[in-house]
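*Asks:* Order-wise, the sequence lines are chains P and B. Here the first sequence is numbered in numbering that gives the first Met the number 0, starting from 0 and rising by one per residue. Here the second sequence is numbered in numbering that gives the first Met the number 0, starting from 0 and rising by one per residue. No residue lacks a Cβ here, since even glycine has one placed at the ideal position from N, Cα and C. All figures in this text were calculated on a predicted structure; none of them were measured in a lab. Here you go, one structure.
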Amino acid sequence: MSPNQLTITQALDKLRKNEFSSVELTQACLDRIEQTDTKLKAFITVTKDEALKVAKNADEIYQKQPEKINDYPLLGVPVSIKDLYSTKGILTSAGSNILKNYIPPYDATVVKKLKNAGAVIIGKTNLDAFAHGSSTEASDFFTTLNPWNLEYLPGGSSGGSAASVISDQTIFSIGTETGGSIRQPAAWCGIVGLKPTYGRVSRYGVIAMASSLDSPGPMCKTVEDTAIVLNVLAGHDPLDSTSSSVPLVDYTAALNQNLKGLTIGYCEKYLNKPVQPAVAQAIRDALKTFSGLGANIKTIELMDPKYAVAVYTVLQRAEVSSNLARYDGIRYGHSVLRNKKYQPEDIIDVYNETRAAGFGEEAKRRIMLGTYTLSAGYYDAYYLKAQKARTKICRDFEKAFDKVNLIVGPTSPSTAQKVGARNKNPMFGEMEDILVEPSTIAGLPGINLPCGFGNNLPIGLQIIGPQFKENKIIQAAYAYEQATDWHKKRPKIASVAG
Amino acid sequence: MPYYPVIGLEIHIQLKTQTKMFCGCSAEIWPPAAKALGGKAAAPNTHTCPTCLGLPGALPTINKRAVEQVIRMGLALNCTINQNSYFERKNYFYPDLPKGYQISQHRKPLCVNGQLPVNGQIVGITDVHLEEDTGKSIHEKLQPTTYNLQPTNGEHTLLDFNKSGIPLMEVVSEPDIHSAEQAVAYCKLIQQIVRFLGISDGDMEKGQMRCEVNVSVARLASDIATQQDSNSATQPHSCTATQLHSKLRQNLPPTTYHLPPYRVEIKNLNSFRFVQKAIEYEIQRQTEALENGEHLIQETRGFDEEKEITFSQRSKEQAHDYRYFPEPDLPPMKLSDKEIERLRAQIPELPHEAKRRLVDKLGLKPSQAEIISREQSTLSYFDQLVKLNLLTDKAANLIVNQPELIEQYSPQELVNYLEKQAVEQIGDENALMQIARKIIEANPKPVKDYKSGKETALQFLVGQMMRETKGKAEPQKAADILKVVLKRN
Numbered sequence: 000m001s002p003n004q005l006t007i008t009q010a011l012d013k014l015r016k017n018e019f020s021s022v023e024l025t026q027a028c029l030d031r032i033e034q035t036d037t038k039l040k041a042f043i044t045v046t047k048d049e050a051l052k053v054a055k056n057a058d059e060i061y062q063k064q065p066e067k068i069n070d071y072p073l074l075g076v077p078v079s080i081k082d083l084y085s086t087k088g089i090l091t092s093a094g095s096n097i098l099k100n101y102i103p104p105y106d107a108t109v110v111k112k113l114k115n116a117g118a119v120i121i122g123k124t125n126l127d128a129f130a131h132g133s134s135t136e137a138s139d140f141f142t143t144l145n146p147w148n149l150e151y152l153p154g155g156s157s158g159g160s161a162a163s164v165i166s167d168q169t170i171f172s173i174g175t176e177t178g179g180s181i182r183q184p185a186a187w188c189g190i191v192g193l194k195p196t197y198g199r200v201s202r203y204g205v206i207a208m209a210s211s212l213d214s215p216g217p218m219c220k221t222v223e224d225t226a227i228v229l230n231v232l233a234g235h236d237p238l239d240s241t242s243s244s245v246p247l248v249d250y251t252a253a254l255n256q257n258l259k260g261l262t263i264g265y266c267e268k269y270l271n272k273p274v275q276p277a278v279a280q281a282i283r284d285a286l287k288t289f290s291g292l293g294a295n296i297k298t299i300e301l302m303d304p305k306y307a308v309a310v311y312t313v314l315q316r317a318e319v320s321s322n323l324a325r326y327d328g329i330r331y332g333h334s335v336l337r338n339k340k341y342q343p344e345d346i347i348d349v350y351n352e353t354r355a356a357g358f359g360e361e362a363k364r365r366i367m368l369g370t371y372t373l374s375a376g377y378y379d380a381y382y383l384k385a386q387k388a389r390t391k392i393c394r395d396f397e398k399a400f401d402k403v404n405l406i407v408g409p410t411s412p413s414t415a416q417k418v419g420a421r422n423k424n425p426m427f428g429e430m431e432d433i434l435v436e437p438s439t440i441a442g443l444p445g446i447n448l449p450c451g452f453g454n455n456l457p458i459g460l461q462i463i464g465p466q467f468k469e470n471k472i473i474q475a476a477y478a479y480e481q482a483t484d485w486h487k488k489r490p491k492i493a494s495v496a497g
Numbered sequence: 000m001p002y003y004p005v006i007g008l009e010i011h012i013q014l015k016t017q018t019k020m021f022c023g024c025s026a027e028i029w030p031p032a033a034k035a036l037g038g039k040a041a042a043p044n045t046h047t048c049p050t051c052l053g054l055p056g057a058l059p060t061i062n063k064r065a066v067e068q069v070i071r072m073g074l075a076l077n078c079t080i081n082q083n084s085y086f087e088r089k090n091y092f093y094p095d096l097p098k099g100y101q102i103s104q105h106r107k108p109l110c111v112n113g114q115l116p117v118n119g120q121i122v123g124i125t126d127v128h129l130e131e132d133t134g135k136s137i138h139e140k141l142q143p144t145t146y147n148l149q150p151t152n153g154e155h156t157l158l159d160f161n162k163s164g165i166p167l168m169e170v171v172s173e174p175d176i177h178s179a180e181q182a183v184a185y186c187k188l189i190q191q192i193v194r195f196l197g198i199s200d201g202d203m204e205k206g207q208m209r210c211e212v213n214v215s216v217a218r219l220a221s222d223i224a225t226q227q228d229s230n231s232a233t234q235p236h237s238c239t240a241t242q243l244h245s246k247l248r249q250n251l252p253p254t255t256y257h258l259p260p261y262r263v264e265i266k267n268l269n270s271f272r273f274v275q276k277a278i279e280y281e282i283q284r285q286t287e288a289l290e291n292g293e294h295l296i297q298e299t300r301g302f303d304e305e306k307e308i309t310f311s312q313r314s315k316e317q318a319h320d321y322r323y324f325p326e327p328d329l330p331p332m333k334l335s336d337k338e339i340e341r342l343r344a345q346i347p348e349l350p351h352e353a354k355r356r357l358v359d360k361l362g363l364k365p366s367q368a369e370i371i372s373r374e375q376s377t378l379s380y381f382d383q384l385v386k387l388n389l390l391t392d393k394a395a396n397l398i399v400n401q402p403e404l405i406e407q408y409s410p411q412e413l414v415n416y417l418e419k420q421a422v423e424q425i426g427d428e429n430a431l432m433q434i435a436r437k438i439i440e441a442n443p444k445p446v447k448d449y450k451s452g453k454e455t456a457l458q459f460l461v462g463q464m465m466r467e468t469k470g471k472a473e474p475q476k477a478a479d480i481l482k483v484v485l486k487r488n
């Protein structure tokens, strides 16, 4: 087995035993990227030189300061990062033309934490521009392909991250989710993706999509890796006022606990059309597995997810329209003013030209819709009403969690869709994310686990828990993973150049 | 036919905090060290960070000190404090607004429904809220080669983000002001109050205090009733609540008036003089327009500081829709009763309160009280003099007429000095008495003349006194002493 195919746990074990160095491990990932990424296109930027330098420093500690190894829970482990995180001195594009030359002067809190934990950043991964999408087809640069079948999409918006993990280009990755952007690509690529409770992981330095929903989180090969990374990322950040100071727990302590006494709920509505029969069947099988592991299975009622989609669409667009206002061509990023021949009429002209060229279709659509819903005379009818409905959805989940500890359902109604699927339908993302948006709206944590295959593509199962109960989710997810083999499957990607 | 001016003010005041409103940058963009060098501002863009530059991903955090200062201001203006106040985003585009929105307050400002007595009349305070300042645009002509960007007609706009994110408090008044003088008095009192509270220097030259005035002119209701006027001063916005409100609070005009259906906003007035001139100009312009049968519209106007006239900037149709919505990056504030009471306890006696005390309790003239209560240092100096048993009238006269003494001496030193002076004066009087007796003895003829009613004879005796004292005696004092001695003689 090549080092890049390992999990975090396995890699750390071998690094400690000196079976290979971090430089060798990092090089193995970089080699894999070189062999596969001309086809997969998971990465926007590969930070080869910087990565090898950091890996070398990690090796120094392994070799010369072994007493310090435990201070760095991810020492020498390669990670890919969604290109939505501000990385000091490294291009941070958000997958958009308007930021295609933007090099930030500061690190996001998550990036800082990864560096402090000793992780080796090997590159920045592709996404739908500004995370607006569920396929990476809305990236202003290129579409990432699904490693299981190159005619299919990896999902999104963290599609580059998911593809890089399942194709063993990296040991793990960091994504962000606003409404499905971690769980859905994790489902389509067959990896573990955790969207933590809103506020559990700092948003500082994450290019904002919808500020009241954005949740950074890990995308890994196993549940155990996910727990290890969450331990590094979680916690209050003085730089993010919406980050929570609810006490932290050791998430790895939730591993290896049995499921006796745990009640898992599921909702029939989440298994009906438009959910593909193969997906619904995989979930019913998984429920049997949970039952076999000692959990009580219970059916519950939940609000029709279509309401959450409506609420999500209004709130997210409103916040997007405001969050994208700063890209005006004045201080950084693409600007029409850089064109020497351009003679602006006035400042409005500068804005118009810059934003027309810098934003893609999807960003423009969202800016227009969001601007509309916040406008005088419409605010009450859309934004305010959506906020009220949001409260109802939160109550709906609270009621459900009075009866059950966790809720299980499909992550996506379908397995991966074909390249081009999104182009025909502006609501594509919302339909693919219909089963994750309710929990997003309620700020709840959720995880995707591989749970089967349909059409030779992975099927994803999600476990949703109450706020700040990531440990319960990890407990159930780990038990399920140990009882199944889905997480061990890897696509056969022809090792090709070009 | 007279028109009645209706004026409301919006005053922006930069708060004097160590750090900016939503980031850790130093808010001291006028470094004290630079004061000696003529109050030079810090070099452009040296007080900036990802947050106040609006870099992608940067987030705001609330400066608690600034929130407290605004609450203190609100309490000073008799406001109700919104205990679940929150911030909102005010969305608009401008190059010196780095995020494309300003974090401000709209639906739940920190302080609402206050009032302030100005020259005996109550001015309603709509709200006091907190926001962040924008950066500074510097429009100038430049050599095209200086910068890497294309100049437009040889002109550039440079941006300095030092003041971007400085805490900015906005005090919004009700349209309860009816003259330019009253508006200026209101502005001055607000400036004094923020200085008394120590929350801002309110230096208008440095842009620490900026005024916007809303002016319209109204017809008196009685005039309208008799005239069946169809012009602008009629119905749609006739606001009976406001009328009643105002009437209760003020020595109202001869009769009530209807709030006009338009208002003209004049922005960026950075001196009291400009506030006065802009309002005077507007009252005249609007009155003339209405008398000429013109229809006035809601608009924003600028003020030409050289010509001292206003000019149209944009009409209501072009007005911004700011699309306010709650700032999702900041949780709502929670202000406890205890917290508010703690802040209330930190409010010193305010200038208008001090003025009333000086007049009502200490019997000073209003003009004296006005001068003494203008600055906290003067007021405190006066109070210390009184505490040191100086007569209030004496203390007031000293401060009003001899401000140089205040500069020179501490209150205790001044009292000591005055006592010494008094002792010397008594010594002087005794000496003059003796001289007077000597002169009276030596000049029996003029003394007799004086006693027989010849007033001019006294002048001769005073002249003798002056000669004897080598001109040191004051002629008036010499005359007074001579009169006393002659009486006893």
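Just reading off the alpha helix (DSSP H) that Gln481/P is part of, what are its end residues?
*Replies:* That run of the alpha helix (DSSP H) goes Glu469 to Ala482.
*Asks:* Return the residues of the stretch 183 to 213 of chain P that lie within a Cβ-Cβ distance of less than 8 Å from chain B, sorted by chain order.
*Replies:* Arg202, Tyr203, Gly204, Val205, Ile206, Ala207, Ala209, Ser210 and Ser211
*Asks:* Spatial neighbours of Lys98/B within its chain, please: CB distance less than 7 Å, with the 5 preceding and 5 following residues excluded, ordered by chain position.
*Replies:* Gly53
*Asks:* What do you reckon, are the CB atoms on Thr108/P and Asp12/P nearer than 7 Å?
*Replies:* no
*Asks:* Would the beta-carbon of Gln297/B fall within 7 Å of that of Tyr261/B?
*Replies:* yes
*Asks:* To the nearest angstrom, how far is the alpha carbon of Ser231/B from that of His294/B?
*Replies:* With a pLDDT of 42 at Ser231/B, under the threshold of 50, the predicted position of this residue should be treated as unreliable, though the coordinate-derived value follows. Cα to Cα, the separation comes out at about 6 Å.
*Asks:* List the residues of chain P that Asp320/B touches, going by C-beta distances under 7 Å, in chain order.
*Replies:* Ser374 and Ala375
*Asks:* Quick one: give me the first and last residue of the beta strand (DSSP E) that Lys140/B is part of.
*Replies:* Lys140/B -> beta strand (DSSP E) spans Lys135 to Lys140.
*Asks:* In whole angstroms, what separates the C-alpha of Met208/P from that of Asn125/P?
*Replies:* One C-alpha to the other measures close to 15 Å.
*Asks:* Measuring alpha carbon to alpha carbon, tell me which of Val461/B, Ile61/B, Thr455/B and Asn161/B ends up nearest Asp239/P.
*Replies:* Ile61/B
*Asks:* Let me check one thing: in DSSP terms, what residues is Pro166/B bridge-paired to?
*Replies:* Glu131/B, per the DSSP bridge assignment.
*Asks:* So, does the CB of Thr60/B fall closer than 7 Å to a CB anywhere in chain P?
*Replies:* yes
*Asks:* Measuring CB to CB, does Ala186/P end up less than 7 Å from Thr410/P?
*Replies:* Contact: yes.
*Asks:* Check the DSSP bridge columns for Glu87/B and list the partner residues they point to.
*Replies:* Glu87/B pairs with Ser103/B and Pro325/B.
*Asks:* Ala399/P and Gly264/P look like a contact to me (Cβ under 8 Å); what is the Cβ gap, rounded to whole Å?
*Replies:* 6 Å
*Asks:* Does chain B have any CB closer than 7 Å to the CB of Ala309/P?
*Replies:* no
*Asks:* Please name the residue, chosen from Val110/P, Gly204/P and Ile89/P, that lies closest to Asn100/P on a Cα-to-Cα basis.
*Replies:* Ile89/P
*Asks:* Of the choices Val119/P, Thr37/P, Asn338/P and Lys297/P, whose alpha-carbon is the least far from that of Ser20/P?
*Replies:* Taking each of Val119/P, Thr37/P, Asn338/P and Lys297/P in turn and checking the Cα distance to Ser20/P, the smallest one comes out for Val119/P.
*Asks:* Under the DSSP definition of a beta bridge, which residues are partnered with Thr86/P?
*Replies:* Ile89/P
*Asks:* With a CB to CB cut of under 6 Å and the five nearest residues on each side skipped, what residues in its chain are close to Val5/B?
*Replies:* Sequence-distant Cβ neighbours of Val5/B in its own chain, meaning closer than 6 Å and more than five residues away, are Pro174, Ser215 and Ala217.
*Asks:* What residues in the stretch 62 to 91 of chain B bring their beta carbon closer than 8 Å to a beta carbon of chain P?
*Replies:* Arg88 and Asn90
*Asks:* Return no unless some Cβ of chain B is closer than 7 Å to the Cβ of Arg325/P.
*Replies:* yes
*Asks:* In the stretch 127 to 215 of chain P, which residue ranges form an unbroken beta strand (DSSP E) of at least 3 residues, counting only runs that do not cross its ends?
*Replies:* 171 to 176 and 191 to 194
*Asks:* Note down, in chain order, all residues in the stretch 96 to 114 of chain P with a beta-carbon under 9 Å from any beta-carbon belonging to chain B.
*Replies:* Going along the stretch 96 to 114 of chain P in chain order, one finds Leu98, Tyr101, Pro103, Pro104, Tyr105 and Ala107 with a Cβ nearer than 9 Å to chain B.
*Asks:* Whose C-alpha, out of Leu73/P, Leu74/P, Cys450/P and Lys114/P, is nearest the C-alpha of Ala482/P?
*Replies:* Cys450/P
*Asks:* Under 7 Å between beta-carbons, which chain P residues line up against Phe195/B? List them in chain order, please.
*Replies:* What Phe195/B touches in chain P: nothing, since even the nearest Cβ is about 32 Å away.
*Asks:* Residues of chain B with CB closer than 7 Å to the CB of Ser157/P, please, in chain order.
*Replies:* Ordered by position in chain B, no residue passes the 7 Å Cβ test against Ser157/P, which lies about 16 Å from the chain.
*Asks:* Going along the chain, which unbroken runs of the alpha helix (DSSP H) with 4 or more residues stay wholly within the stretch 179 to 206 of chain B?
*Replies:* You should have 179 to 196.
*Asks:* Less than 6 Å between C-beta atoms, sequence neighbours within five positions excluded: which residues of the same chain meet that for Pro253/B?
*Replies:* Because Pro253/B sits at a pLDDT of 43, beneath the cut-off of 50, its placement in the model cannot be relied upon, and the point is left open.
*Asks:* In three-state DSSP terms, what is Cys210/B?
*Replies:* strand
*Asks:* Which residue from Asp95/B, Thr455/B, Ala179/B and Phe160/B puts its Cα closest to that of Thr45/B?
*Replies:* Phe160/B
*Asks:* Return the Cβ separation of Ile492/P and Thr35/P in integer angstroms, given the expectation that the two are a contact with Cβ distance under 8 Å.
*Replies:* 5 Å
*Asks:* Determine the chain P residues that contact Lys98/B at a beta-carbon separation under 9 Å, and present them in chain order.
*Replies:* Ser321, Asn322, Ala324 and Arg325
*Asks:* Using a Cβ-Cβ cutoff of less than 6 Å, which residues in the same chain neighbour Ser84/B once the five nearest sequence positions on both sides are dropped?
*Replies:* Lys107, Leu109 and Met332
*Asks:* Is it right to say Ala496/P is buried, meaning 16 or more other beta carbons lie within 10 angstroms of its own, or is it exposed?
*Replies:* Legend: pLDDT at Ala496/P = 42, less than 50; position of this residue unreliable, no value from coordinates given.
*Asks:* So what's Ile329/P in DSSP terms, helix, strand or just coil?
*Replies:* Ile329/P: coil per DSSP, three-state reduction.
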